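Working notes, beginning with the structure itself.
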Amino acid sequence: MGNSVRWTFVAVLLAINVVVSVAFADTWLSITINAVTGLGIVGLVADYFIRGRRRT
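By the numbering used here, the letter at position 7 of the sequence shown is numbered 145, and the numbering carries on one by one without gaps.
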């Protein structure tokens with residue numbers, strides 16, 4: 139996965155996270171979606187630091 143694709147995914151997941159937080163504040167749906175998108179962002183950033191930096 140290239141860096142531009144990785145950061146695009148991070149931006150999309152972050153945007154989904156923000157929109158759901160505003161639209162469905164303090165509901166179970168908001169908590170669930172925020173947890174899933176948050177884990178996705180953490181996973182992509184971890185992938186960048188573990189594998190992405192080795193590629194030159």
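Just so you know, even glycine gets a beta-carbon here, dropped at the ideal spot from N, CA and C. Predicted model only: the values in this text are computed from it and were never measured.
Three-state secondary structure (DSSP) of T170: helix
Whose CA, out of T175, F147, V183 and T146, lies closest to the CA of S159? T175
Residue interval of the alpha helix (DSSP H) (run including R144): N141 to A161
Can you tell me whether L151 is buried or exposed? The criterion is at least 16 other CB atoms within 10 Å of its CB, across all chains shown. buried
Anyone know if the C-beta pair for L182 and V148 falls short of 7 Å? yes
Determine the burial state of N141: buried for a count of at least 16 other Cβ atoms within 10 Å of its Cβ, exposed for fewer. exposed
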